[in-house]
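Below is one structure; the comments refer to it alone.
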Amino acid sequence: MSAIISVKNLVKVYDNKFTAVKNLNLEINKGEIIALLGPNGAGKTTLISTICGLASITSGSITINNMDVIKDYRKTREIVGLVPQELALEPFEKVINAIRFSRRLFGKKDDDVYLEKLLGKLQLYEKKNNIIKSLSGGMKRRVMIAKALSHNPQILFLDEPTAGVDVELRKDMWNIIKELKADGVTIILTTHYIEEAEMIADRIGIINKGELLLVEEKSKLIKRMSVKTLKVKLKKTLKQIPKKLKQYNLKLIDNGNSFHYFYNTSNEKTGITSLLSDMNEIGISLFDIQTEETSLEEIFVKIIKD
Ligand SMILES: Nc1ncnc2c1ncn2[C@@H]1O[C@H](COP(=O)(O)OP(=O)(O)OP(=O)(O)O)[C@@H](O)[C@H]1O
Ligand SMILES: [Mg+2]
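To convert a position in the sequence shown, counted from 1, into our numbering, add 8.
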C-alpha cells in the first residue's frame, strides 16, 4: 500500500508556548482505516488540524498525495473531508442546503444526484428537507459526515465520531465507516472507545502527550494485548524470583508474598502447567491462585504509563 498522507518530524507549539505535538512521524496508507487513541489532551485533534491545514505547523512537514499541505493548501484541502469533534451546524438550515453549501465552499459544481445518494447512505434521505434543529443528536452527527463528504474527498477525518452516541447508533456509524472504506475512502478517526478501534480499524495509533507511542496493525496489537494475569499467593515470602523461574518473567508483588505471571491466551500454551511444576520441583508452595483478565482499557493505560 502506498502512503496517501505522510507526516514527518511534526512539531506543533501553540502561541502560548505549549507543545502539543512532539516530533511525530506517521504514514497513512491509501484506503485504510486508522484509529488514533489517546487520553484527553494527547494531541489528536491538533494532529488532525495540522494535516487539514487548520492549524499552523511549527516545524516538520506534512504531505497529502505528495503535495505539501502548506504550499499546496487548496489542492490538499480539497482531497480531505473533516468531521470536527464539536458539532458545528446551522440550526435553522435544511439538511440538503447545508450540504450543498459545504460542497460549494470547495468550488465544486452542484451535484444533487451525488448528495442525495450520500444522504441515502447516511440514512438521512427522509430528513433532507428537515431543518437541522429538528434532528436527533446522532442524526446531526451524520449530517456533519455528509457535509464533510459533500465534495467527494478521498480522505475523511472523523474526530470522535461517536462521542455521546448510543450503542445502536454507534454500530450504524461503524457500518457507514466500513462502507466508506469499501468505496475507497481513507479514514482517520480518533476515539476514546477502544472497542470502536477494535471493531473497525485496520491499524491503531496510540498518542500520549504529543507523542505517537505506537502504530500497529490491529490484529497484531490485539494479539499482544490479550494478556491474562495469574496471581499466585505464596505460603512463604520470596526475596527474589528463583533462577529456575526466571524464564517466566514473574513480577513479585505484595512485598514478596505473591507474584504475577502474565500469559497470552492466543498462544497455544499458557505456560501455567510448567510454571506450577517448576515451582513444585524447587519447593515453592502456593497458598492461593487467581486469574485476572486484563481489559483492553487497562492495557491501553499501561502502554500510556510505560
Ligand atoms: N489553541 C490552543 N492553544 C493552546 N493550547 C492548545 C490549543 N489547542 C489545544 N491546545 C492544547 O494542546 C493539547 C492537545 O490538545 P488536543 O485538542 O489536540 O487534544 P486531544 O488529543 O484531541 O484531546 P481530546 O481527547 O480531549 O479531544 C492540550 O493540552 C490542549 O490544551
Ligand atoms: Mg480532540
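Beta carbons are placed, not taken as given, at the ideal position from N, Cα and C, and that holds for glycine.
Asp210 and Arg111 have their C-alpha atoms some 29 Å from each other. Per DSSP, the unbroken alpha helix (DSSP H) holding Asn183 starts and ends at Val175 to Ala190. Within the same chain, Cβ atoms closer than 8 Å to the Cβ of Ser10 are found at Asn37 and Lys38, the five residues on either side in sequence being excluded. If you check the CB distance, Ile87 and Ile72 come in under 9 Å.
The alpha helix (DSSP H) runs lying completely inside the segment 248 to 311 and spanning 4 residues or more are 280 to 289, given in chain order. Listed by position along the chain, the residues with Cβ atoms less than 6 Å from a non-hydrogen atom of ligand 1 are Tyr22, Asn24, Phe26, Ala28, Gly46, Asn48, Gly49, Ala50, Gly51, Lys52, Thr53, Thr54 and Gln93. Just measuring C-alpha positions, the residue of Tyr256, Leu284 and Ile261 sitting nearest Tyr271 is Tyr256. Remark: C-beta atoms of Ile104 and Lys136 approach each other more closely than 9 Å. Within the model, the alpha-carbon separation for Lys125 versus Gln131 is close to 10 Å. The criterion of a C-beta distance shorter than 9 Å is satisfied by Asp167 and Thr198. Within the DSSP secondary-structure output, Ala11 pairs in a beta bridge with Asn37.
In this structure, the straight-line span from the alpha carbon of Ile208 to that of Gly192 is close to 15 Å.
Non-local C-beta neighbours of Glu300 in its own chain, meaning closer than 6 Å and more than five positions away in sequence, comprise Thr237, ordered along the chain. CA-to-CA, the gap between Glu219 and Thr54 works out to about 12 Å. Contact check for Lys20 and Val29: beta-carbon distance about 4 Å, within the 8 Å limit, so the pair qualifies.
Linking Lys239 to Ser282 through their CA atoms gives a straight-line distance of about 15 Å. The beta strand (DSSP E) runs lying completely inside the segment 64 to 95 and spanning 3 residues or more are 67 to 72 and 88 to 91, given in chain order. For Thr199, the enclosing beta strand (DSSP E) covers residues Thr194 to Thr199. Shown here, Gly213 sits in a strand according to DSSP, grouped into three states. Annotated as distal: Val91 and Met147, with beta-carbon spacing of 9 Å or more. Ranked by how close their Cα comes to the Cα of Leu127, the residues Leu113, Arg149, Lys117 and Lys116 have Arg149 in first place.
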